[in-house]
Structures are given as structure tokens and as C-alpha cells.
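**Student:**
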Amino acid sequence: MRVSYTPMINQYLQIKKNYPDAILFFRLGDFYEMFFEDALVASRELEITLTGRDAGSAGRVPMCGVPYHTADSYIARLVEKGYKVAVCDQVEDPEEAKGIVRREVTRVVTPGTIMDYLEEKRHNFLVAVVEGAAGDFGLAVTDITTGLFMVTQLAGREALLDELLRLEPAEVLLPEGEERHELAEFLRQNLKGAAISFWSEGAFEPERAARRLQEQLGMSWNRAGLAGLPLAVRCAGGLLDYLKATQKRELAQINQVEVYSAGQFMHLDSVTRRNLELTASLKDGSRWGTLLWVLDHTVTAMGARLLKSWVERPLLDLAGICARQEAVEELVNGGIVRQELKQILKEIYDLERISSRIAYGSAGPRDLLALKNSLAVLPSLKAILSRQQARLWQEIAETLDPLEDVARLIGEAISEEAPPGPKDGGVIRSGYHPEVDRLRQASREGKNWLAELEAREKERTGIRSLKVGYNKVFGYYIEVTKPNLHLVPPYYLRKQTLAGAERFITPELKELEEQILGAEEKLARLEYEIFTAIRQEVAGQVRRIQQTAAAVAQVDALLSLAEAAVKGNYVRPLVNNGTRIVIRQGRHPVVEQVLGPGEFVPNDVELGGDTRLIILTGPNMAGKSTYMRQVALLVLMAQVGSFIPASYAEIGLVDRIFTRIGASDDLAGGQSTFMVEMRECQSIIKAATPRSLIIMDEVGRGTSTYDGISIARALVEYIVQRIGARTLFSTHYHELTSLESLPGVKNFTVAVEENGEEIVFLHRVREGKADRSYGIQVARLAGLPAEILRRAQEVLKEMEGRAGDSRRQSQPHSGQKVILARHPVLEELSRLDLWQITPLEALNILASWQKSLRQEVGRAGNRGSKKKPLPGMTGLFGRE
Numbered sequence: 000m001r002v003s004y005t006p007m008i009n010q011y012l013q014i015k016k017n018y019p020d021a022i023l024f025f026r027l028g029d030f031y032e033m034f035f036e037d038a039l040v041a042s043r044e045l046e047i048t049l050t051g052r053d054a055g056s057a058g059r060v061p062m063c064g065v066p067y068h069t070a071d072s073y074i075a076r077l078v079e080k081g082y083k084v085a086v087c088d089q090v091e092d093p094e095e096a097k098g099i100v101r102r103e104v105t106r107v108v109t110p111g112t113i114m115d116y117l118e119e120k121r122h123n124f125l126v127a128v129v130e131g132a133a134g135d136f137g138l139a140v141t142d143i144t145t146g147l148f149m150v151t152q153l154a155g156r157e158a159l160l161d162e163l164l165r166l167e168p169a170e171v172l173l174p175e176g177e178e179r180h181e182l183a184e185f186l187r188q189n190l191k192g193a194a195i196s197f198w199s200e201g202a203f204e205p206e207r208a209a210r211r212l213q214e215q216l217g218m219s220w221n222r223a224g225l226a227g228l229p230l231a232v233r234c235a236g237g238l239l240d241y242l243k244a245t246q247k248r249e250l251a252q253i254n255q256v257e258v259y260s261a262g263q264f265m266h267l268d269s270v271t272r273r274n275l276e277l278t279a280s281l282k283d284g285s286r287w288g289t290l291l292w293v294l295d296h297t298v299t300a301m302g303a304r305l306l307k308s309w310v311e312r313p314l315l316d317l318a319g320i321c322a323r324q325e326a327v328e329e330l331v332n333g334g335i336v337r338q339e340l341k342q343i344l345k346e347i348y349d350l351e352r353i354s355s356r357i358a359y360g361s362a363g364p365r366d367l368l369a370l371k372n373s374l375a376v377l378p379s380l381k382a383i384l385s386r387q388q389a390r391l392w393q394e395i396a397e398t399l400d401p402l403e404d405v406a407r408l409i410g411e412a413i414s415e416e417a418p419p420g421p422k423d424g425g426v427i428r429s430g431y432h433p434e435v436d437r438l439r440q441a442s443r444e445g446k447n448w449l450a451e452l453e454a455r456e457k458e459r460t461g462i463r464s465l466k467v468g469y470n471k472v473f474g475y476y477i478e479v480t481k482p483n484l485h486l487v488p489p490y491y492l493r494k495q496t497l498a499g500a501e502r503f504i505t506p507e508l509k510e511l512e513e514q515i516l517g518a519e520e521k522l523a524r525l526e527y528e529i530f531t532a533i534r535q536e537v538a539g540q541v542r543r544i545q546q547t548a549a550a551v552a553q554v555d556a557l558l559s560l561a562e563a564a565v566k567g568n569y570v571r572p573l574v575n576n577g578t579r580i581v582i583r584q585g586r587h588p589v590v591e592q593v594l595g596p597g598e599f600v601p602n603d604v605e606l607g608g609d610t611r612l613i614i615l616t617g618p619n620m621a622g623k624s625t626y627m628r629q630v631a632l633l634v635l636m637a638q639v640g641s642f643i644p645a646s647y648a649e650i651g652l653v654d655r656i657f658t659r660i661g662a663s664d665d666l667a668g669g670q671s672t673f674m675v676e677m678r679e680c681q682s683i684i685k686a687a688t689p690r691s692l693i694i695m696d697e698v699g700r701g702t703s704t705y706d707g708i709s710i711a712r713a714l715v716e717y718i719v720q721r722i723g724a725r726t727l728f729s730t731h732y733h734e735l736t737s738l739e740s741l742p743g744v745k746n747f748t749v750a751v752e753e754n755g756e757e758i759v760f761l762h763r764v765r766e767g768k769a770d771r772s773y774g775i776q777v778a779r780l781a782g783l784p785a786e787i788l789r790r791a792q793e794v795l796k797e798m799e800g801r802a803g804d805s806r807r808q809s810q811p812h813s814g815q816k817v818i819l820a821r822h823p824v825l826e827e828l829s830r831l832d833l834w835q836i837t838p839l840e841a842l843n844i845l846a847s848w849q850k851s852l853r854q855e856v857g858r859a860g861n862r863g864s865k866k867k868p869l870p871g872m873t874g875l876f877g878r879e
């Protein structure tokens with residue numbers, strides 16, 4: 000039997016067919032309703048009541064709904080859970096409709112396109128990715144709540160993942176063909192918080208993408224700086240096509256594109272950002288305990304977003320670093336100016352997101368008032384900046400447009416008491432529009448007439464409790480309580496019966512109702528028309544507003560760095576093109592703040608020149624990791640343009656910071672702790688340059704002692720001899736301290752004070768080396784039972800005794816020397832690049848060596864029974 004649905008349900012199903020992957024919010028009167036499977040999902044996810052609705056011969060179908068005026072909050076909750084929502088509105092007046100009211104989807108809300116209920120201090124990024132034939136990638140990024148639009152091209156999947164992990168996009172868009180591609184699954188596994196969406200492959204085709212890009216920006220992609228970046232053009236065009244289709248409106252806030260490349264900023268891979276806890280703590284992912292937490296004293300949301308991007312992308316441009324430092328230094332020395340700027344910034348709302356809502360067409364009256372109030376303080380801000388000496392302050396002052404014309408328009412047109420919604424009435428200021436004033440007067444007079452009518456009717460009927468009221472269903476009425484019904488005159492017409500009263504109308508009241516409601520309806524319609532026209536006029540100035548917003552954000556971010564410098568007693572580091580890193584009395588910015596003033600023990604470091612690599616030894620808990628992270632953070636802060644916690648610093652530009660710290664695994668990906676460690680080491684040696692800073696902590700601890708020592712030693716030798724990067728290498732393998740014989744390698748240790756079985760951590764780093772790790776003493780501090788500690792001491796003494804005997808047996812007698820004579824195998828080994836050969840090649844080389852050595856042993860045996868060491872091998876196996 001064929002199921003027939005009601006006309007309204009048929010309309011719903013026709014619209015839903017075009018949006019199968021979205022929950023359809025279907026406008027019915029004052030509610031958005033959901034039906035069938037959408038209702039089951041929404042009621043469960045939103046925890047709202049599931050009911051039913053008669054759908055025709057199919058009987059009742061599942062239904063749930065939310066009030067239209069609170070729909071945005073429900074949509075945000077669904078999007079946060081990973082759903083898309085298609086919003087279907089009534090697009091014609093129900094009173095003028097013939098049959099079913101016409102409805103259309105007016106926007107599709109996805110994780111990357113939501114406009115409301117977002118964290119203020121973070122961007123909400125939508126990213127499009129296109130893979131090229133050579134394994135390179137195009138990437139386009141937008142935040143439609145601010146108008147930010149950026150593109151780049153990246154070489155290889157590793158670079159792509161690093162950039163995506165930095166951006167933390169809410170949604171990643173791929174061409175539809177990628178749905179069956181390994182890339183989609185790769186992104187799903189590695190971008191846990193991002194929704195993966197797909198869009199028509201045709202939108203990413205070069206010609207169509209370039210056309211869409213030109214339509215949006217009003218210029219060719221060549222003029223926009225995208226020449227020679229075909230994958231970036233394809234990404235940008237596909238992304239814009241997706242936005243056009245889902246948002247179903249012009250996105251005037253996206254009016255320029257920023258082209259960026261990896262070479263503009265210090266490279267920080269995802270491992271380094273995580274280990275250094277730049278913007279998210281290792282403990283719980285929050286901002287507390289991060290570098291951003293220390294530096295963020297911003298007053299505005301747009302300043303906070305900009306500062307976060309600065310921390311994530313330190314500069315490589317020396318002029319840009321010095322410009323920020325000069326601006327910060329002027330504020331550090333100008334306490335009064337800092338306070339003046341802070342007070343002004345407190346009056347400025349989030350201009351980036353307000354301007355985007357205005358351009359998007361979703362801004363309400365209070366958004367325009369917030370814009371006007373923000374613009375009111377800009378002349379004072381511009382005047383203060385113009386008086387500063389630093390070149391960057393002068394540049395910001397020049398770009399800061401006070402937008403007096405926009406402020407004047409809003410001030411003249413919009414009432415200071417305007418409600419949130421543009422259709423709620425009372426939006427337009429009295430005196431701005433004559434017809435608004437006339438209708439408002441008519442409405443006001445009508446209400447006065449009602450008050451006079453109520454007074455007359457009380458006098459005429461003698462009913463003291465009589466009152467004139469109003470509701471949306473029945474309009475105006477006269478209400479009389481039941482005890483007084485015998486006093487009701489015959490010209491009262493009964494309209495509604497209540498439990499304790501009756502409601503009536505009269506011809507005079509009906510006439511007044513028509514006048515009042517007619518005036519109020521016309522007034523509300525006219526006010527809305529005027530408001531939308533004003534909003535559209537302001538939207539025409541969105542580019543100017545965005546330029547001013549960017550200037551204000553810069554002021555706020557620089558002021559934040561100055562506030563951090565003053566509060567933390569930081570100094571301006573000397574940043575240059577040299578290779579030295581010299582820090583005197585350096586302090587870890589986060590640990591210092593957590594401990595409180597005067598509690599942190601400062602330390603020096605000097606890298607570059609004669610010291611390219613420091614081997615750092617010392618006990619657990621002594622502060623080796625803190626010291627190494629401290630050096631990395633201070634270098635990074637210097638290239639952000641910030642002052643740093645130290646008494647003096649000279650920083651030779653660092654192109655990349657790499658870290659290998661701590662133990663972690665990837666069991667889901669089939670990688671043990673040691674495998675993860677080795678992969679991180681491989682990434683470092685593959686990408687590091689002489690200008691890099693490498694931080695390595697406890698390399699080789701995930702395998703056997705001899706394997707670990709061998710790998711750690713080989714890494715140190717490779718970094719010193721092949722890369723030349725400035726490196727801090729901490730270890731408990733005290734055997735590695737012998738590498739000080741290599742040029743550029745020095746030993747440093749963290750000092751401790753012994754008092755019997757107790758130790759005191761001094762947290763002082765000094766030149767020298769440790770011969771103990773004090774593991775049992777640290778175990779005692781951790782509270783291990785005494786029985787275990789005693790047994791550990793016994794085992795340790797036994798093992799140290801055996802090791803001592805072994806060392807004594809292998810040591811040469813007095814006057815003897817250990818030498819390494821020449822041998823073909825050793826010469827070939829010294830020339831081998833172990834990092835560039837495959838395991839099979841290594842096995843073949845070993846086999847050839849073994850064959851050669853066996854032949855030599857055989858020849859030596861044939862010459863006589865007296866056993867002699869092989870030529871050139873005495874330094875390895877015996878004495879000479």
C-alpha cells in the first residue's frame with residue numbers, strides 16, 4: 000500500500016532530500032521542528048522531548064522542536080557534537096500564501112561555518128586541502144566570523160599535518176574524490192577534533208576555482224599574490240564555492256587573501272609545540288601553565304587571537320622582530336601610557352566579529368551600538384599612538400581609521416535603548432525618520448486612548464475591577480470578574496470565558512485596536528526596513544572596519560607583551576644574525592610564575608661558537624628538562640618580539656626548534672614508546688640545519704642499555720659532525736660524557752648537595768659531569784617502602800662492584816696507551832653515512848666485513864699457532 004503524507008510533510012521530505020547529511024530545522028510558526036530520523040537524533044543529543052505528528056496515511060511520525068528565538072543555541076550544541084544543521088525558513092508571508100507557505104533552506108551550519116557561541120580568544124577555522132600529483136599540498140584557511148582568509152602550499156604530508164595541528168581547524172574540506180582516498184583516513188586519525196567534509200571536485204578545478212576567487216576578491220588571482228601557487232588557487236576557489244553554497248549569501252567580510260609560506264616563520268612541528276606547552280598544557284589541554292598563559296594580558300578578544308598566532312609563529316625577519324621589541328620597550332618605559340591604552344582598549348568590543356556579522360547580515364541593533372561605542376574612543380587611541388617614537392607605533396597610528404562617518408550614522412539612527420532583535424520595535428532613534436515618529440506618536444496616543452477608555456468604562460458601569468488588556472491571540476479586550484457580570488452593559492460583546500472572569504469587546508475598542516495595531520505593525524515593519532538599510536550601508540565599510548580592527552589587535556598584543564615584561568621583570572634580548580645563544584640568569588617563564596617571585600633558580604647558557612652541543616647530566620628531578628625547555632622558550636619569546644626573563648640575552652636567529660622530550664606511545668598506530676622516540680629523532684636529523692636549536696632529553700632510554708648508549712652516541716656524533724645545530728642533550732648515560740673530546744661538545748651538570756643518604760637539588764647548571772643519577776634517593780623522596788630501597792642499594796653495590804672489576808681488567812697498565820691503528824674495515828666504517836643506507840644494504844656491508852675478517856683470521860692461523868690480534872684492531876680488543 001502506497002503511503003501518502005500531508006502536504007506539509009511532503010514539503011519537508013522534498014527539502015530534506017537535498018540535505019541528507021544534515022539535520023533539517025524546519026520552521027513552523029514560532030518553532031523549528033524536526034521529523035523522522037532527525038527528530039530521533041536531535042531529541043537524544045539535545046535532551047528535548049520527542050513527540051509525534053499526524054503525517055497522513057502513515058500515521059504519526061517522530062517529531063521534536065525548539066523555539067525559533069533560541070534556535071542558535073541548540074544549533075551550536077549539535078554542531079559541537081559534529082552534526083551539520085540545515086536551517087529551513089518561511090520565505091513568504093503566511094497571510095499572503097496560497098496553500099502551503101513556501102520554505103527554503105537559508106543556510107547550512109557546519110563546524111567551520113558556525114557564527115555564534117564560539118570561544119572569544121580562538122579562531123574557528125575552516126580549512127580546504129588539495130593534494131598535488133607530486134605529493135605536495137595546497138591549503139586555504141578561513142574564519143568567517145572574522146573575515147580572515149589565508150592560503151599556502153606545503154611540501155609533503157608531514158608538513159601538512161604540522162600546519163593543520165597548529166591551526167586546529169573545526170572542519171577540513173576535501174574534494175569529493177578524496178572520500179575514497181587514504182588522505183581522508185589519515186586526517187581522521189590525526190585530527191581528532193576536526194570534522195572531515197567533502198565538496199564537489201568540480202569546485203576545485205583550476206579554471207572554476209580561479210573564477211570564484213576573482214568574483215570574491217574583485218581581482219585576478221595573479222594580482223592577489225597567488226602566481227605560481229596553483230594548488231593554493233584550487234583550494235581557495237573550492238573553499239569559497241563551499242561557503243557560497245552553504246551560507247547562501249555574499250560573504251563581504253572575506254575581501255582579501257594573505258599568502259604565507261613556511262619560510263616566513265620559525266618552524267615548530269607539532270611535537271615541539273606540545274612539548275614546550277605553548278598554547279595547551281600537556282596535563283589537560285587548557286591554557287593554564289602555558290607560555291600563552293604567561294604572556295596573555297590582552298584586553299580585547301581580537302588582541303588575544305593575534306597574540307596566540309604570534310606565539311605559534313615566531314618571526315625569522317630580524318627587522319620585524321626589532322620593530323616589535325622597540326614598540327614593547329617604549330611601553331615598558333611608559334607606565335602612564337600603558338594605563339591609558341588599557342583603559343581605552345576596555346571600551347572596544349570585538350570589531351572583527353562584529354564587522355563580520357554586519358557583512359553577513361546577522362548583526363542586530365546592539366551590534367551596531369557596540370561598533371559605535373568602540374569607534375568613539377578611537378580618536379583618543381590614535382592621538383596616543385601618534386605621540387610614540389617607535390616606528391611600529393607610527394605605522395599603526397597611520398592605519399587606524401576612526402571611522403567618524405560610520406559612528407555618526409549609527410549614533411543618529413539607532414536608539415541607545417534598542418532591543419537585541421531588529422524586528423522587536425524601538426530600534427530607530429526618535430527624530431531620525433519622520434514617518435517613524437508619526438507612527439510612534441499614533442501608537443502612543445492609541446494607548447493613551449485605551450487608558451481613557453478604561454477609566455470611562457469603570458465610571459459608566461460601576462465595575463471598579465474592570466480592566467483593558469491585550470494578548471496576541473484575541474487582541475484588545477475588556478475583562479470583568481464573575482462577581483461583577485451582572486453590571487455588564489448590553490453593548491459588551493462576549494469574546495472569551497475564563498475560570499474567574501469574562502472578556503468582552505465593544506465597537507469603540509475594536510476601532511481603537513485597528514488603529515493601534517495597524518500603527519504598531521507598520522512601525523515595526525518600517526523600523527526593520529530602515530535598520531537593514533543602515534546595516535547594509537555600514538557593511539559597505541567593512542574593509543575599513545577590518546583594517547582598524549587589525550590595528551587595534553596589534554596595539555593590544557604589543558601592550559600584552561609589555562605588561563608581561565613589567566610584571567615578570569624581563570629584559571630586551573639582543574637578536575641578531577649571528578649563531579650564538581647567550582643567556583645570563585635565565586628563568587623559565589611558566590615555572591617562575593607558578594612558583595612565585597624569587598623562588599626560581601636562574602641559570603646561564605652559552606651555545607654557538609666553541610660550544611655547539613652541551614651534554615647535560617645530573618640526577619632525576621634536578622631540573623634538566625626544565626632548563627632545556629627554558630632555553631627553547633626564551634629563544635622563541637625573543638623571536639616573537641617579546642622581552643624575556645633573564646638579566647642579559649643575545650640570540651642568534653633560530654630557524655627551527657626541535658624537541659625530543661619524555662616518553663609517549665601510539666599504540667593505536669602500532670608504535671611503541673621507543674618507536675615514537677626514534678621517529679621523532681629521525682624527523683629532527685632530517686630537517687635540522689646549522690641555524691636550528693635541538694632539545695633532546697634521555698634519548699635511547701626505551702631500549703636496552705647498550706643499544707640506548709650506542710644510539711645516543713651516534714646521534715650526538717651525527718649532530719656535531721653533519722648538522723652543526725645548537726643542541727642541548729641531556730642523558731643518564733654517563734658514558735656519553737667522553738664525547739667532550741669532539742670539537743664543540745661540552746659537559747654540563749645540574750649540581751646536587753649530598754647529606755648522607757639525602758640529597759638536596761640545587762637546580763644550578765655548571766660545567767662538569769655527573770657520575771651518578773641518584774635514582775634510589777629520588778625513589779626515597781617519592782615514598783617507596785624502606786625494604787625496597789634497602790634491597791635496591793644492595794643490588795646497586797653488587798652491580799657497581801662487578802662493573803669495577805670489569806673496568807680494571809680492561810684498563811691498560813701504567814705507561815701503556817690505547818690506540819686505534821688503521822684497518823680497511825675501520826676506514827670504510829668511518830666513511831659510511833649510516834642515516835642514508837637501508838637495513839638490507841647495512842646487512843650486506845656487515846656480511847662483506849665478516850667475510851674479510853674471517854679470511855684474515857684464517858691467514859693468521861696458517862702462519863703459526865701463536866695468536867696475534869688483527870692489524871689495526873688492538874685499540875678495540877686489547878693493549879699495545
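Using numbering that gives the first Met the number 0, you'd call the opening residue of the sequence shown number 0 and step up by one each time.
For glycine and all other residues, C-beta sits at the position ideal for the given N, C-alpha and C.
1) Is the region 101 to 121 in contact with the region 182 to 197, if contact means three or more CB pairs nearer than 8 Å?
2) Applying the 10 Å Cβ sphere with the 16-neighbour rule, what's the burial state of tyrosine 729?
3) Cα-Cα, which of Tyr348, Leu852, Ser56 and Arg579 is closest to threonine 547?
4) In whole angstroms, what is the alpha-carbon distance linking aspartate 706 and asparagine 843?
5) Under 8 Å, do isoleucine 515 and isoleucine 477 count as touching if we go by C-beta distance?
6) Just the Cα atoms here: how many angstroms apart are leucine 727 and aspartate 268?
7) Please state whether DSSP places isoleucine 253 in a helix, a strand or coil.
8) Rounding to the nearest angstrom, what Cα-Cα distance links alanine 88 and tryptophan 309 in this structure?
9) Look at proline 601 and leucine 632 and say whether their C-beta atoms are less than 8 Å apart.
10) Return no unless some Cβ of chain D is closer than 8 Å to the Cβ of arginine 365.
11) For the alpha helix (DSSP H) containing alanine 375, name the first residue and the last one.
12) Comparing C-alpha positions only, which one of Glu734, Asp609, Leu186 and Glu591 sits nearest to threonine 625?
13) Does DSSP put alanine 85 in a helix, a strand or coil?
14) Within the same chain, show all residues whose beta-carbon is closer than 6 Å to that of lysine 282, passing over the 5 residues directly before and after it, in chain order.
15) How would you write the range of the beta strand (DSSP E) that glycine 64 sits in, first residue to last?
16) With which residues is valine 744 paired in a DSSP beta bridge?
17) To the nearest angstrom, how far is the alpha carbon of glutamate 214 from that of glycine 237?
18) Leaving out five residues before and five after tryptophan 287 in sequence, what residues of the same chain have Cβ atoms less than 7 Å from its Cβ?
19) In angstroms with no decimal places, state the Cα-to-Cα distance between glutamine 720 and glutamine 342.
20) Tell me the residue span of the beta strand (DSSP E) that contains leucine 45.
21) Report yes if the C-beta distance between arginine 337 and leucine 330 is below 8 Å; otherwise report no.
22) Quick check on DSSP: helix, strand or coil for aspartate 423?
23) Where in the region 186 to 218 do unbroken runs of the alpha helix (DSSP H), each at least 4 residues long, occur, reported from the N-terminal end onward?
24) Which value, in whole angstroms, describes the spacing of the CA atoms of tyrosine 259 and glycine 622?
25) Using the rule of at least 16 other Cβ atoms within 10 Å of the residue's Cβ for burial, across every protein chain shown, is lysine 481 buried or exposed?
26) According to DSSP, is asparagine 619 part of a helix, a strand, or is it coil?
27) Assign glutamate 679 to one of two classes, buried (16 or more other C-beta atoms within 10 Å of its C-beta) or exposed (fewer than that).
28) Could you give the distance in angstroms between the alpha-carbon of serine 682 and the alpha-carbon of isoleucine 656?
29) Keeping to the same chain, check which residues put their C-beta closer than 7 Å to that of isoleucine 357; ignore five residues upstream and five downstream.
30) Please state whether DSSP places phenylalanine 530 in a helix, a strand or coil.
31) What number of angstroms, rounded off, separates the C-alpha of alanine 406 from the C-alpha of aspartate 400?
32) Inspect the beta-carbon positions of leucine 153 and aspartate 135 and report whether they are closer than 8 Å.
33) Give me the Cβ distance between valine 128 and leucine 166, rounded to the nearest whole Å; I'm assuming they're in contact under 8 Å.
34) Mind checking who methionine 695 pairs with in its DSSP beta bridge?
35) Report the rounded CA-to-CA distance for phenylalanine 124 versus glycine 131, giving the unit in angstroms.
36) Return the chain-ordered list of same chain residues with a C-beta closer than 6 Å to the C-beta of aspartate 71, the five sequence neighbours on each side being excluded.
**Tutor:** Checking against the coordinates, here is how it stands:
1) Contact between the region 101 to 121 and the region 182 to 197 is present: three or more C-beta pairs spanning the two stretches fall below 8 Å.
2) According to the sequence shown, residue 729 is serine rather than tyrosine. Burial call: buried.
3) Among Tyr348, Leu852, Ser56 and Arg579, the Cα nearest to that of threonine 547 is on Tyr348.
4) Counting only the Cα atoms, asparagine 843 lies some 21 Å from aspartate 706.
5) No, the Cβ-Cβ distance between isoleucine 515 and isoleucine 477 is not below 8 Å.
6) Looking at the two C-alpha atoms, the distance is approximately 18 Å.
7) Annotated three-state conformation of isoleucine 253 is coil, per DSSP.
8) A small fix is needed here, since residue 88 is aspartate in this sequence, not alanine. Aspartate 88 and tryptophan 309 have their alpha carbons spaced roughly 41 Å apart.
9) Cβ atoms of proline 601 and leucine 632: not closer than 8 Å.
10) This model lacks chain D altogether, as it is built from one protein chain only.
11) Element bounds for alanine 375: 364 to 375.
12) It is Glu591 whose Cα lies nearest to the Cα of threonine 625.
13) For alanine 85, the secondary structure class from DSSP, reduced to helix, strand or coil, is strand.
14) There are no such residues.
15) Where glycine 64 is concerned, the enclosing beta strand (DSSP E) stretches over 59 to 66.
16) Looking at the DSSP assignment, valine 744 forms a beta bridge with Leu612.
17) For glutamate 214 and glycine 237, the distance between alpha carbons rounds to 13 Å.
18) Its chain contains Ser280 as the residues whose beta carbon lies nearer than 7 Å to that of tryptophan 287, once the 5 sequence neighbours on both sides are disregarded; these appear in chain order.
19) For glutamine 720 and glutamine 342, the gap between their C-alpha atoms comes out near 55 Å.
20) Element bounds for leucine 45: not the beta strand (DSSP E) but the alpha helix (DSSP H), 35 to 45.
21) Yes; because the gap between Cβ atoms is below 8 Å, this pair is in contact.
22) DSSP places aspartate 423 in coil when its eight states are reduced to three.
23) Runs of the alpha helix (DSSP H) inside the region 186 to 218: 205 to 216.
24) When only Cα atoms are considered, tyrosine 259 and glycine 622 end up about 38 Å apart.
25) Here lysine 481 is exposed: its Cβ has fewer than 16 other Cβ atoms, across all protein chains shown, within 10 Å.
26) Note: asparagine 619 maps to coil in three-state DSSP.
27) Buried is the label assigned to glutamate 679, since at least 16 other Cβ atoms lie within 10 Å of its Cβ.
28) Straight-line measurement puts the Cα of isoleucine 656 at about 12 Å from the Cα of serine 682.
29) Asp366, Arg534, Val537, Ala538 and Val541, listed in sequence order.
30) DSSP places phenylalanine 530 in the helix class (H, G or I) of the three-state scheme.
31) Going from the Cα of alanine 406 to the Cα of aspartate 400 covers about 12 Å.
32) Going by C-beta atoms, leucine 153 is nearer than 8 Å to aspartate 135.
33) Actually they are not in contact, since the Cβ atoms of valine 128 and leucine 166 sit about 11 Å apart, beyond 8 Å.
34) Answer is Arg659 and Phe728, bridged to methionine 695.
35) Rounded to the nearest angstrom, the two C-alpha atoms are 22 Å apart.
36) Taking C-beta separations shorter than 6 Å and ignoring five residues to either side along the sequence, the partners of aspartate 71 in its chain run Asp115, following chain order.
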